[in-house]
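Sequence order for the protein chains is A and B. In our numbering, each residue carries its 1-based index in the first sequence increased by 1389. In our numbering, each residue carries its 1-based index in the second sequence increased by 1. Quick reminder that beta carbons are idealized off the backbone N, C-alpha and C, glycines included. Notes follow the structure.
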Amino acid sequence: MDLEFGPEDEAFRAEVRDWLESNLSGEFASVRGRGGPGDEHADIDARRAWERRLGEAGYACIGWAKEYGGRAASLTQEILFFEEYARARAPGRLGHIGAGLLGPTIIAFGTDAQKRRFLPPIVRCDELWCQGYSEPNAGSDLASVRTRAERVGDEWIITGQKVWTSLAHCSDWCFVLCRTDADLPKHKGLSYLLVPMKQAGVDVRPIEQMTGTSEFNEVFFDGARTSAECVVGPVNGGWKIALATLAFERGASTLGQQLAFRNELESIVGIARKNGKAQDPMIRQRIADAWIGLEIMRLNALRTLTLMQGGTLGREALIGKLYWANWHQSLGKLAMDVLGDDADDAEGANVWPYSLTALQRLFLFTRSDTIYAGSNEIQRNIIAERGLGLPPEPRPT
Amino acid sequence: MRFAFSEDQEELRRGARRFLATSSSSERVRAAMATERGWDDDVWKRIATELGWTALAISEAHGGMGFGWVEIAAVMEEAGRALLCAPLLSSVCLASSAIEIGGSDEMKRALLPSLADGSATATLVMSDDVRVRTDGDALVVDGEARHVLDGHTATWLLVAARAGDDDAIAVVSGDALGVSRRATPTMDATRRQATIRFDGARANPLGASSVSKHAIAVAMDRARVALAAEQVGAAERCLEMAVDYAKTRQQFGRAIGSFQAIKHKLADVFVRVESARSAAYYAAWVAAHRPDELPAAAAMAKAYCSEAFFHAASESIQVHGGIGFTWEHDAHLYFKRARASEAMFGDPAAMRERIAASVVFAPE
């Protein structure tokens, strides 16, 4: 057992820290701390420029092989990168869906032509991606998607509706889970299509959330088109690809995110020191509990990293999403309780619509943490069935 | 960075599990519980001679194995899993360690070899109602201490108390004149406690009074780490029993483990057991390699693992239903151990307050 990172990894961490420190100044000083959950609407243009700066420096997709434009960084280094990124309060990524989800999926399952076409613009941060999975009637039960794709000549014609699509309003492309054969059993008639967003057949409508902001969108496909080559994996073999993408979703960026959470906890501790709540024994207990919970989140991530390096992803890795979602949600409530009488005060003048404070956004947005990317209930099913070997829920045939 | 047991540490753990499967089976635990001393001397002799666990925390210079705290955690995890009834926590994890840190060379030579070979045991006595005074070179102990872990059987009692203006650790023979002791009945019968009365009992100082306070603080933190590891092993066993039962128990024509009400309960237990494991292993690594970080790491592990174990033991009873409420089933043995160990060496609230005071709200 050795909990220290080696000298190479520490050198890499120092390099990333220096680069972020010197580049998050001048024109990019203002994007510090912007974007990310609850603030995804902020400063899109400046953040897009920042993403290009990241790409130029080779930091957009560091874990990818060099032939795809990455640095072939180890998983440890990817995690260190995400930690430093969070520590520096660098802006929430716009390109993370391409860099973290679609790119790795293409690398694993795409054709050579797809790799040549789609990977370089992700590395350069020229093309942004969004994820076309959930539908009004296919949430946790994802394999029930109804969006249809029909092959006409050398194109796919897509018709249907997606929902909860993060960043669709600024994305260039969407990977869309579509039904391509309605006669096959529901898991077997699906395909994984890559669809351009800037076309007449695609209509993006922002969903106004309880935060008053719009990170998520509805996306309507009405005869949208994409080329026949834009299917990843076999036609009607998209379910496996879709699941693989979900597995990437729980990868390095999640393991590295606890430093962003640490910034939030520290701001709450700072408020408690100022407003006297630091003397309240109940609040002290809860803050210490949050501190312990966050430390353990880091330790769980290190154990998962060790398992992944050993090439086996043990059942321990299944707990990550449920753990952080619950922790983060209770941090949001703790923030309000520490603020006490001031918790309800929004920012700015008394004009409608209101602007929420960062901690109010945390409080509200964390209600979604336990829902998106596999709700707590789905996570518990996965843990119980795959991790503990309990019998599956009887499903209607 | 490698956050997992090494192959040697895994082997140590596997060996412990094999040994305890028979030597600390449910039957053997229940037999030990029913004895006056509360533990089986034959098992203890085998632990000392065949496995060498009594020597784990003792340096090689004094007849020990000089193992680190990660190894001790591996053994304690298995001891917890099997609810081993033995003075492992008191004598090996707490007292031996206090002697290693705070003992003079002379006292180490006098005490450690017999603790290492298991022919003697020791425990730590801490009580506000015990006073130590000096009498020439010797110490004299008076007063009463309750809740002394394995205090009724310990060969040596290490009494930590104020002696005038100093801190002292007085070493009293359990059989000394002026010592009367009795095991007290405890709800958790797998680990005994004693009430000890000292009436002018003669003692020797363990070491220099200047290091006494430090020795007790570090030994207590290490013992918290060992106890946290024990809680992890026991919690995991509670989860296993519940999962196995949920797979086989049929109601409404299906295994009850196919119902989400049961699945979700057990998934939550799993999350806490695995998180407790991260905390305990980390604290063990810190105990071995990062003395400055030990107070926070030990507090974190003790707070989290205590609650994880109690949660696992509670939910195990619930999933077992009526059978889980019977004396015949082992669920209550774990539940009672969970309750007792939660309070031992500082309860979760005290541990959290320590973190609040020394880390989160430490003076800037």
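Item	Value
9 angstroms Cβ cutoff, residue 1459 (chain A) in contact with chain B	no
Alpha-carbon spacing of residue 1576 (chain A) relative to residue 1775 (chain A), whole angstroms	19 angstroms
Cβ pair residue 267 (chain B), residue 243 (chain B) closer than 9 angstroms	yes
Nearest-angstrom Cα separation, counted from residue 1476 (chain A) out to residue 1645 (chain A)	10 angstroms
Residue range of the beta strand (DSSP E) that includes residue 1660 (chain A)	Run containing residue 1660 (chain A): none in the beta strand (DSSP E); it sits in the alpha helix (DSSP H), 1647 to 1664.
Residue range of the beta strand (DSSP E) that includes residue 206 (chain B)	194 to 206
Beta-carbon proximity check, residue 1599 (chain A) vs residue 1650 (chain A), cutoff 9 angstroms	no
Closest residue to residue 123 (chain B) among B:39, B:112 and B:225 (Cα-Cα distance)	B:112
Residue range of the beta strand (DSSP E) that includes residue 1548 (chain A)	1544 to 1551
Residue from B:290, B:228 and B:321 with nearest C-alpha to residue 241 (chain B)	B:321
Start and end residues, beta strand (DSSP E) containing residue 305 (chain B)	Element bounds for residue 305 (chain B): not the beta strand (DSSP E) but the alpha helix (DSSP H), 295 to 321.
9 angstroms Cβ cut-off: residues of chain B touching residue 1775 (chain A)	Residues of chain B passing the Cβ test: none, with the nearest at roughly 10 angstroms.
C-beta contact flag for residue 1444 (chain A) and residue 1513 (chain A) at 9 angstroms	yes
Per DSSP, cross-strand counterpart(s) of residue 144 (chain B)	B:131 and B:199
CA-to-CA distance, residue 1431 (chain A) to residue 1601 (chain A), given in whole angstroms	13 angstroms
Contact with chain B by residue 1768 (chain A), beta-carbon distance below 9 angstroms	yes
Chain A contact residues for residue 267 (chain B), given Cβ-Cβ distances below 9 angstroms	1769, 1772, 1773, 1777 and 1779
Residue 239 (chain B) in three-state terms, based on DSSP	helix
Proximity test, Cβ basis, 9 angstroms: residue 295 (chain B) and chain A	no
Contact residues within the region 311 to 342 of chain B, judged by C-beta distance below 9 angstroms to chain A	none
Contact with chain A by residue 280 (chain B), beta-carbon distance below 9 angstroms	yes
Residue 1615 (chain A) - DSSP class collapsed to helix/strand/coil	strand
Reduced DSSP category for residue 1588 (chain A) - H, G, I as helix; E, B as strand; rest coil	coil
Distance, residue 1631 (chain A) Cα to residue 353 (chain B) Cα	42 angstroms
Chain-ordered neighbours of residue 1783 (chain A) on chain B, where CB pairs are closer than 8 angstroms	255 and 259
Where residue 347 (chain B) sits in the DSSP three-state scheme	coil
CA-to-CA distance, residue 346 (chain B) to residue 1415 (chain A), given in whole angstroms	53 angstroms
Minimum Cβ-Cβ distance from residue 1760 (chain A) to chain B less than 9 angstroms	no
Neighbour-count burial assignment, residue 62 (chain B), 16 or more Cβ in a 10 Å radius	exposed
Beta carbon of residue 220 (chain B) nearer than 9 angstroms to that of residue 75 (chain B)	no
For residue 1580 (chain A) and residue 1541 (chain A), believed in contact at Cβ under 8 angstroms, the rounded distance	With 8 angstroms as the limit, residue 1541 (chain A) and residue 1580 (chain A) do not qualify as a contact, their Cβ atoms being about 14 angstroms apart.
Alpha-carbon to alpha-carbon, residue 153 (chain B) and residue 184 (chain B)	5 angstroms
Alpha helix (DSSP H) runs contained entirely in the region 1727 to 1774 of chain A, provided each spans 4 or more residues	1747 to 1758 and 1765 to 1771
Within chain A, the residues that residue 197 (chain B) reaches when beta carbons sit closer than 7 angstroms	Under the 7 angstroms cutoff, chain A gives no residues; its nearest Cβ is about 33 angstroms from residue 197 (chain B).
Residue of A:1616, A:1691 and A:1524 minimising C-alpha distance to residue 1544 (chain A)	A:1616
Exposure label - residue 81 (chain B); buried when at least 16 CB within 10 Å	buried
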